[in-house]
Amino acid sequence: MNSSRDWTVPGLTIGLIAAIILGMLVPDWVLSVITISFARALAVIGLLVLWRAGLVSFGHALYYGLGAYTVALLGKYWGVHDVMLLIPAALIVSTVCGFLLGFILRKYREIFFAMLSLAFSMILYGILVKTESLGSTDGFNVGAPTFFGFKFEDVQDNKIAFFSFLCVLGYIAALLVHYYLRSTLGHLTTAIRDNEIRVEYLGYSVAKAIHIKYTMSAALAGVAGACLALTLSQVDPDSMVNWTASGELVFVTILSGTGNVAAPFIGSMIFDLLRTYAFEWAPHAWQLIVGAFLLLIIFFLPGGVWSVIARIFGARRKL
Amino acid sequence: MSDQSGPLLETRDLNKTFGAVTAADNINVTVVPGEIVGIIGANGAGKTTFVNMVTGYLKPTSGTVFLRGQNITALAPRQITKLGMSRSFQVPQVFLTQTAFENLLEAAGIADAMNGISALKPLHRKPLLDKVDAILKRYRIDEYRDQETSTLPQGIRKLLDIAMAMVSDPDVLLLDEPTSGISVEEKFSLMDVVMEALQEEDVTVLFIEHDMEIVERYTTRVLAFYEGRIIADAPPEIALNDPEVREFVIGDHKVGQHQAHGDR
Amino acid sequence: MFHIPNIRTLAAASFSAAILATGISAPAHAKDAIKIAVPAFLSGAAAGPFGVPARNGAEMVIDAINAGKLPEPYSAAGFAGAKAEAIFIDEAGGNAKQVPEYRNLVQKRDVDVIAGYISSGTCAALAPVIEELQRLTIFSTCGTPRIFEEAPRKYIFRSMAHATADSVAAAHYVRTMFPDSHSYTGINQNYAWGQDSWRDFDLTMQQLDSEAKPSEKTQFPKIFAGQYGSEISAMSLDKAEMVHSSFWGGDLESFISQANIRGLFKKKKAILTVGGTAAYRLGKKLPDGIILGARGPYGILVRDRDTALNTWFVTTYKDRYGTYPSGPSYQYAQAILTAKYGYDKAMKDNGGNFPDQDQVIAAIKGAKFESFSTTVDFALADGHQAITENVYGITKYDSENGEPGVTDVKFFPAECVMPPDGETSVEWIKGGMKGAKCN
Amino acid sequence: MDFNTALTILIDGLEFSSYLFIVSVGLTLVFGVMKILNVAHANFYAWGAYMAAWLIGRWTNMGFSEGSTFLMIAVATIVVGLVLGYLVERCVLRYMYERDEVVTVLATFALFLILEDAILLIFGVDPYFADQPMFALGSIDIGGITRTVYGLTMIAVAIVVGIGLWLLLTKTTWGRLLIAVIHDREMSISMGINVKRVYIVTFILGAMLGALGGAYVAPTISVAPGFAVDVVVLSFAVVAIGGMGSIPGAIIGALIVGIARAIAVHNFPQVELFVVFAVMAIVLVFKPEGLFAPERSRKI
């Protein structure tokens, strides 16, 4: 890593420009799929950070849901529709919640970490389902966003604008996480997974390092949930807070691979394409196809799709 | 090293029991700067428990640990590291999926962060890289620089483990059996490398050792443990000839100080 | 707000991309084929009781329309002469998946009409998307009143009454048949459908009966819980005379079977608002004396209605699929028939030319026509929300024919059980159901 | 609260606890021995139920008596456990032993998706209904309400399973091997225990216990697609509360959850939905590894 040049930053920049241009050209349904993919990718970046430290959360739908419901409730009860208010609000809510729960979760590892995260997310799920003023299982609709007070008259333009906004958001998030992962603190991921005792004796609090990572991932998942709510124009507990939603995030993480912050964007798109086509080809058995695909990835591509990309680029560099 | 005059490390009436087993029984030790202390004792005599308590991994049942006069009994290992006491491990605690270089770089990054430099600075920066390369040379493991540590021979891992403990420039270093699991031929060369490197860095050393020749050769003082107690605390030539030590620690009445020299 | 010329046009000009060709073309010219997408649960728990009968009903009617085999007045082949290709898709997987799937149907697979949807949550989530994509969509089954309460819709129709009617009619039925029973408890699934059903029933009972005595402990088990041992115990200990439940599918069948053997139905009168879906499958295991609804005049409650359309529907269905049609079969068939009616009428209004979408929409708006089992009247929400009569009956096994049956069937006119335009269901019930015409 | 209500809550709680114990003990056994949190446990449950319902239907149609349908529950348990358990272990899990615990969980999640749809393809979407065993045993009045005898036998089955496992683990050689593996896998390998074989047998046993849960529940419910999805989350909660890998833990976890839920249903039906997860979160906050977690220490 230290010997070869790191192409992440120029790669992300090119990706950003390409994505925004493509967003204007592709058919609407593709745009819609990619927007959902990129929104999810934000949450997956957070899971990537945790994954590197050996932690897998089966409950990040909690923050997904918090972000989504923050947006939905602000729109419904206070009439706030501007992304400049909604996204920071979702960010704050999920960050604060992640920070608080972090005090408990930072003591847990491995499967226990996964299970306790699951329990917390299921409590939120239970509350949402139970509470009619929060829409119960039906959830409710979310209006189209405005941008810094502006709104595009053409619905499609508004979608393109939102997608571009999301791309910029994803770019910033990916860069920040990239720089974080390069820092001393960020490198305390693999180290923690390998040997916590040594990290403690080197003089850094593992609990604190995990707490920071957890809060970060919560923040990212919150923003992702907010963007998802704005993309789908609706929120509901089953597709955003239930354990299956958490499972989907973990699925996309392993599909993407944790080698680079760009991986979640690619992995998330592949996931949505797979699901769209599985659904079209085999409406009775699309889950089977998705499951088989996941199994194949686990068996034959443990580094996710990023390992393929890394290999291609690695090969090219040698030429 | 703020307080040069007083003792560097001191334990007062340190006790530790695990259920019915007493692992430490009123341990009182005072170490002054510059000493090299060998800790000897049979398996289960309480040596590692002592190191674990002093470095904060285990909390004593009763008693106090002072570092430069400061009570550190209740502190966590990382806080004790920050105060200038570090340790190595019997089983090297390294980051197995990373290279020797990365191991040390992370150690250096953390040490830097401890000194108030932001932990958010990039890890791969010139001063740290240079420092790590210097350490690799000092411990003579630079040829293994880019090898993943899971593939390294035990002796190299031991050196790396000690080097990592030294990255933070501690005043006191505790080594838990630095030569265990190493072949007899390699033991002395390993200790030579370690001791030479440690001397350069002006650090007070306590180390657990089973090989009496090593103890005799490298220490200025010996602590002999038996059933959680210290039965001898003296310079090596005295301690190793103490009848109690010879009976309970060395375990062989015939072992003389000249017996094993042939196998060097 | 400021206006920028269409970004996509600009982008296309700047990049002159040929990829654009994948764009959308609105169906305007004469066609000999249209595509109808029929979303229904094909997997998951709702597939057996709802999805599959629904799909069957739609499939059968589409085939019959293509072949021109429907009875009068719908015997003309095709939809405005065009044959329909049916695309069946799975409604399972949650709203977050159904929203993009809907988009795919319209933008990728370019269907002309979408007719179906069972889940209220999905319908509510889709409503704004449908309006945005501007494609004719006929909701067949989903019950939430929210669809038209939230905003006026241009492209959405619902060809059956919404869920309020089921609960209001249930309360009317109970009051008519058992005027001496005042206390009731309930067991409903803990999600929007169960919560709404209980709320509407409870509110209506309190309006209709000054002595109404709802239980303090009504049960809301998790959906798909399957095990109702504790709930049945708790209700057995409750003093209430009646039990209301909007359970459906597997949960309903499990509940009936567990409660029956434990004698709950001997102690209390059960009101099963969606019981109709379970009737044929349970057969003899469905105990007598249960108050049964079918979310409108469908399924077992109208099996013996003697009209040409109904006779055709019941016999053709039984021949083809081996069972009697249940509620969802009727409801999906009714949605398809709505499309057929709209296309045919629009063609007539258009001087015999194939109509465009706006013309079809105009034709359906406010329409009133005979469906298989009842009269459908798009009377509410500016002609987009249909109203129909509602009906309840009491189960009685017909041992002569070996079939489940119903007695004491009572129909309630649409105007009796549906709120008028402009009032939300809850307001209307709480306000004493003003304007209701119940004979 | 009068005596009848208390008695009813107790019996309801015990019935539900027994059910929970049967469905989760296999999960905890597999976790204890193999360190695999098996999401596909839900599939064994579902397949057991489908198989039992189908067999009971066929059996009754062949003219056998209602009482003899119990045999079919046993057959379904054994067939599903053996065939499905063996296939899953041999085809997938054995390649996962060297992998990360969490990746293994994901692999079982993938299996879960596959096996869930496979049920649909094989058994169709229509619910199965096989209440003959429940009717064969009839009902009985306790504490002023009617109960099914079948429901009460659930308690007996749980006790038999519990005692059976206890005997198996403490009184047989194989059981001691198993405990050795639970305790220290590396040590067991070095002592020459054939850990691979222990794994296969354990996994099949776990699968059978899952299938037994489904097969025994099948007569009381309508066996429909998707009915097993939530069982897995529920049994996770039980296992996490009791301590993952601990069989006494599964008993205590099941009792806590079962009785807590029964109390909620009778007194505060509105909180029933999250009482289970609230209990789980509280227990985990105070006892991170569950109430009876087998000790795991690390040597430095």
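Chains as they are written, first to last, in this note's numbering: chain A, 61 to 379; chain B, 7 to 270; chain C, 169 to 607; chain D, 3 to 302. For glycine and all other residues, C-beta sits at the position ideal for the given N, C-alpha and C. Keep in mind the model is a prediction, meaning the values are calculated, not measured.
- In the structure shown, C:Y500 falls within a helical segment according to DSSP collapsed to helix, strand and coil.
- By the 16-neighbour rule on beta-carbons within 10 angstroms, C:S567 is exposed.
- Between D:D133 and C:S425, the CB-CB gap stays under 8 angstroms.
- Within 9 angstroms of the CB of C:S211, the CB atoms of chain D belong to E118, D119, L122, V127, P227, G228, in sequence order along the chain.
- By DSSP's assignment, B:R227 forms a beta bridge with B:V43.
- Within the same chain, L194 come within 8 angstroms of A:L133 by CB-CB distance, once the 5 residues on both sides are set aside.
- Collapsing the DSSP output to three states places C:V442 in coil.
- Residue contact with chain C for A:K190: present (Cβ-Cβ distance below 8 angstroms to some residue of chain C).
- Identification of chain D residues near A:F172 by a Cβ-Cβ cut-off of 7 angstroms yields P290, E291, ordered along the chain.
- Between the alpha carbons of D:I161 and D:S20 lies a distance of about 8 angstroms.
- Listed in chain order, the alpha helix (DSSP H) elements of length 4 or more contained wholly in the stretch 190-216 of chain A amount to none.
- Residue range 266-292 is occupied by the alpha helix (DSSP H) that includes A:M276.
- By the neighbour-count criterion, in which a residue is buried when 16 or more other Cβ atoms sit within 10 angstroms of its Cβ, D:R199 is exposed.
- Chain A places a beta carbon closer than 8 angstroms to that of C:N263, counting this residue as a contact.
- Under the three-state reduction of DSSP output, D:G153 falls in the helix class.
- By the criterion of a C-beta distance shorter than 7 angstroms, B:V38 is surrounded in its chain by P13, L14, once the five residues flanking it on both sides are discounted.
- Contact with chain A is found for C:K276, since one of that chain's Cβ atoms lies less than 8 angstroms from the residue's Cβ.
- In the three-state DSSP reduction, C:H552 falls in the coil class, being neither helix nor strand.
- Going by beta carbons, B:D167 and B:S94 fall inside the 8 angstroms limit.
- In the structure shown, B:Y150 falls within a helical segment according to DSSP collapsed to helix, strand and coil.
- In terms of Cβ geometry, B:V209 and B:L110 do not form a close pair [threshold 8 angstroms].
- In the three-state DSSP reduction, D:F294 falls in the coil class, being neither helix nor strand.
- D:I254 and D:V25 have their alpha carbons spaced roughly 14 angstroms apart.
- Only residues of its own chain outside the window of five on either side were considered, and among them A208, F256 have a CB closer than 6 angstroms to the CB of C:R223, listed in chain order.
- For C:G510 against C:A476, the beta-carbon gap comes to about 21 angstroms, at or over 8 angstroms, which does not count as contact.
- Listed along chain A are E192, S196, each with a C-beta nearer than 7 angstroms to that of C:Q363.
- Of the residues assessed, A:S316 falls on the buried side of the cut-off, its CB having 16 or more other CB atoms within 10 angstroms.
- If you check the CB distance, C:A260 and C:N558 do not come in under 8 angstroms.
- Contact annotation for A:P343 against chain C: L210, F256, I257, D258 [CB-CB distance below 7 angstroms, chain order].
- Sequence-distant Cβ neighbours of A:E170 in its own chain, meaning closer than 7 angstroms and more than five residues away, do not exist here.
- In this structure, D:F23 is the residue among D:I11, D:T10, D:F23, D:I13 with its C-alpha nearest to the C-alpha of D:S248.
- Between B:D175 and B:E207 a beta carbon distance of about 7 angstroms is seen, short of the 8 angstroms cut, so the two are scored as contacting.
- Residues of chain C whose Cβ lies closer than 9 angstroms to the Cβ of A:F339 are, in chain order, I257, D258, G261, K265, E269, N272.
- Between A:T318 and A:R112, the beta carbon gap of about 6 angstroms places them in contact (Cβ cut-off 8 angstroms).
- Interface with chain A (8 angstroms Cβ-Cβ cutoff): D:L115 is included.
- Following the DSSP letters along the chain, one finds C:K536 inside the beta strand (DSSP E) bounded by residues 536-538.
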